[in-house]
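A.B. asks: Pasting in a structure now, in C-alpha cells, and then I'll have a few things to ask.
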Amino acid sequence: MKVDNMELVGRIEHTFKIQIPESVAQKILTVGDMYDVVKNQVSRETANYCLTQLFFYRLRNRIHETFGVPKAMIRQETLLDDIIPVKSRRKLWEKLAGSAETRFPNLVLPKKYEMVLIWTGIATVVGSLYLSIVMFLLMDSGILSFTLPIAGACLTYLVSLLMQPFRTEFPEKNLLNLTYNLQLLNGERLKDQPLTRQDLEILVFFMDPEQVVAPESYS
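For my numbering, add 1040 to where a residue sits in the sequence shown, where the first one is 1.
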C-alpha cells in the first residue's frame, strides 16, 4: 500500500507526537515502512496514549454497528443517555459489551435506589449487631448470637441482587469518560502488547483529527 510521503509523515508525527528525521522520512513509502519507524520510536507513554485513541475509535465503531447511530453523532461529548434509552437499556448494554472482547463497566443503581440499598444495609447490619449483643448479654446465647450480623449482611446482599433489574444508570455520562473507564478496566491486559499494523493504520488513516482523545492520568 503506497501513500503520499509528505502527508503520511505529517500524520505520523501528529498522531504519535514524534519527530522523524528527514533521512528516515524519505524512506517511508508503504504502511510497512511506517510501522517499522513508529515501532522503533514510540515510547511507552505514547503507546498508552495511542491505546486511548484506539479504545475511543473502537467504541465509536461498535456503537455505530450495534445501534446504527451515525458516526457524526458519536463524539467525545456525546451523552450515553442520548444513544441508549432507558427502555431495554440493560439488554442493549449487554449487547454492546458482548460485541467486543473488552470488559465493560456494569450499570449502576439510580440515586434513589442506591440510597434505599445503603440504608437497608445499615439498618440490617446495625440492627442485627444490636440484637446479637442483647442476646449475648441477657439470654446467654453465646457465639450463636453473633451469627445475626452475618445474616444481616447476607440479607443486604440478597436485596442487592433483587435490585439488579433497576441498575439502569451509566457509571460514566459521556463517551470520553467511558473511554477512560474502558482503558482502566482493560489497559493492564493490553498496555504491554505492541501496536499492530492494523492498529497503526487505524490511528493514522481512520481517526478523526477532531476526535483525538487528550492524554489522561490514571494514577
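Every residue, glycine too, gets a C-beta built ideally from N, C-alpha and C.
None of these values were measured; they are calculated from a predicted model.
With H, G and I counted as helix, E and B as strand and the rest as coil, what does DSSP make of V1049?
C.D. replies: V1049 falls in the helix class under three-state DSSP.
A.B. asks: Would you kindly check if the distance between the Cβ of I1114 and the Cβ of I1103 is under 7 Å?
C.D. replies: yes
A.B. asks: For G1161, collect the residues of the same chain with a Cβ closer than 7 Å to its Cβ; drop the 5 residues on either side in sequence, then sort them by chain order.
C.D. replies: T1196
A.B. asks: Identify which residue in A1112, Q1066, K1131 and N1146 has its Cα closest to the Cα of L1225.
C.D. replies: N1146
A.B. asks: Between which two residues does the alpha helix (DSSP H) harbouring R1207 extend?
C.D. replies: Secondary structure note for R1207: it is in no alpha helix (DSSP H), with a DSSP letter that is neither H nor E.
A.B. asks: Is the Cβ-Cβ distance between R1129 and T1208 less than 7 Å?
C.D. replies: yes
A.B. asks: If we ignore side chains and look at the alpha-carbon of each, how far apart do H1054 and I1060 end up?
C.D. replies: Whole-angstrom Cα-Cα distance: 11 Å.
A.B. asks: Thinking just about the alpha-carbon of each residue, which of N1214, Q1223 and L1222 is nearest to the one in E1117?
C.D. replies: Cα-wise, what sits closest to E1117 is N1214.
A.B. asks: Apart from the five residues on each side of it in sequence, which residues of its chain come closer than 6 Å, Cβ to Cβ, to E1256?
C.D. replies: The predicted model places E1256 with a pLDDT of 46, which falls under 50 and marks its position as unreliable; any figure quoted below should be read in that light. Taken in chain order, the residues that qualify are Y1220.
A.B. asks: Rounded to whole angstroms, what's the CA-CA distance from L1188 to L1169? Just pull it up for me.
C.D. replies: Each residue's alpha carbon lies about 7 Å from the other.
A.B. asks: Does any CB atom of chain C fall closer than 7 Å to the CB of E1047?
C.D. replies: This model lacks chain C altogether; it includes just one protein chain.
A.B. asks: Which of helix, strand or coil does DSSP assign to I1060?
C.D. replies: In the displayed model, I1060 falls within coil according to three-state DSSP, outside both helix and strand.
A.B. asks: Let me know the secondary structure DSSP gives L1119 once reduced to three states.
C.D. replies: Reduced to three states, the DSSP call for L1119 is strand.
A.B. asks: Measuring straight from C-alpha to C-alpha, what distance separates V1043 and D1076?
C.D. replies: Interpretation of V1043 is limited by its pLDDT of 48, a score under 50 that renders its predicted location unreliable; the figure taken from the coordinates is listed afterwards. C-alpha separation (whole angstroms): 15 Å.
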